[in-house]
Amino acid sequence: MGGKKQKVSQIRKKEILDAAKKVFLRKGFADAVMEDIIVETSLSRGGVYYHYKNKVEILHDLMREGMAYRVDKINEVLAEYSGELDANAVAHMIVDKVLDESELMSVYAIYLQATKNNDDLKNLFPILVEESLKATYIGVKVAKKDGCEYLTNDFLIFFMNTVILGCEILDGARDSFINNREFFIEIIKLFIDSYEKGKIR
3 MGGKKQKVSQ IRKKEILDAA KKVFLRKGFA DAVMEDIIVE TSLSRGGVYY HYKNKVEILH
63 DLMREGMAYR VDKINEVLAE YSGELDANAV AHMIVDKVLD ESELMSVYAI YLQATKNNDD
123 LKNLFPILVE ESLKATYIGV KVAKKDGCEY LTNDFLIFFM NTVILGCEIL DGARDSFINN
183 REFFIEIIKL FIDSYEKGKI R
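Next comes the structure, spelled out in structure tokens:
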């Protein structure tokens, strides 16, 4: 009985998340209100508020959905990758992640823009970094905790987020990065090498 109730709860939460994703993509985060999300679902107001108190909680779960999506993508690449998970492989995966074109990446860019004027979203950022790293360690079988500290380096995070924002906001930016993908990979490899040599803090 408990399992059935939990499954229904997961289905309803998924419906809310899908509705919120549509609303955020259409209106952005700041202009969206809970009522916009409620209208997009088949649930009552109470039904939505039973699962989520506010749109920050909803956005947090959308970010977790994005983490699971990225872990799946990494595992797809690794299934076809026969070599060692070295700097070259990691650089390819980082570039693939940053240049990915999906609704979840667009929602992440909306989140990044909204953090400027929202303290709740700013406070969520370090939690997301930690959760993303944990999701990678758990979900990606070959990820080694002691070999990926650089993934939490501020410079790399800010660099990746800047490219993600550019791809979402600036016309032609994603195409330019894709056309120069090999150079982009070399930049990430240079970062990893410099980090390992202690040149980057």
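Residue numbers (my numbering): 3 to 203.
Here a beta-carbon is modelled for each residue, glycine too, at the ideal position from N, C-alpha and C.
These numbers come from a predicted model, not from an experiment.
>> Here's the rule: buried if 16 or more other CB atoms are within 10 angstroms of the residue's CB, otherwise exposed. What is residue 112?
In response: buried
>> For residue 74 and residue 103, what's the separation of their Cα atoms in angstroms?
In response: 15 Å
>> Short of 7 Å in beta carbon distance, which residues of its chain neighbour residue 62, apart from the five on each side in sequence? Order them along the chain.
In response: 126
> From what residue to what residue does the alpha helix (DSSP H) around residue 151 run?
Replying inline: No alpha helix (DSSP H) holds residue 151; DSSP gives it neither H nor E.
>> By the three-class DSSP mapping on this structure, what secondary structure does residue 257 have?
In response: Lying before the first or after the last residue shown, residue 257 is absent from the chain, which here runs from 3 to 203.
> Considering only residues of the region 63 to 111, which uninterrupted alpha helix (DSSP H) runs meet the minimum length of 4 residues and lie entirely inside it, listed in chain order?
Replying inline: The qualifying runs are 89 to 101.
> Residues in its own chain within less than 6 Å of residue 35 by CB, not counting five upstream and five downstream?
Replying inline: none
>> Which of the three DSSP states is assigned to residue 130 in this structure?
In response: helix
>> For the pair the region 94 to 101 and the region 185 to 198, tell me if three or more CB-CB distances fall below 8 Å.
In response: yes
>> With a threshold of 8 Å on Cβ separation, who are the neighbours of residue 25 within its own chain once the five nearest residues in sequence on each side are excluded?
In response: 34, 38, 39 and 42
>> I'd like the list of long-range same chain contacts for residue 54, defined as Cβ closer than 7 Å, with 5 residues on each side in sequence excluded.
In response: 18 and 60
> Is the distance from the Cβ of residue 101 to the Cβ of residue 176 below 8 Å?
Replying inline: Inclusion of residue 101 and residue 176 in the CB contact set at 8 Å is warranted, their separation being smaller than that value.
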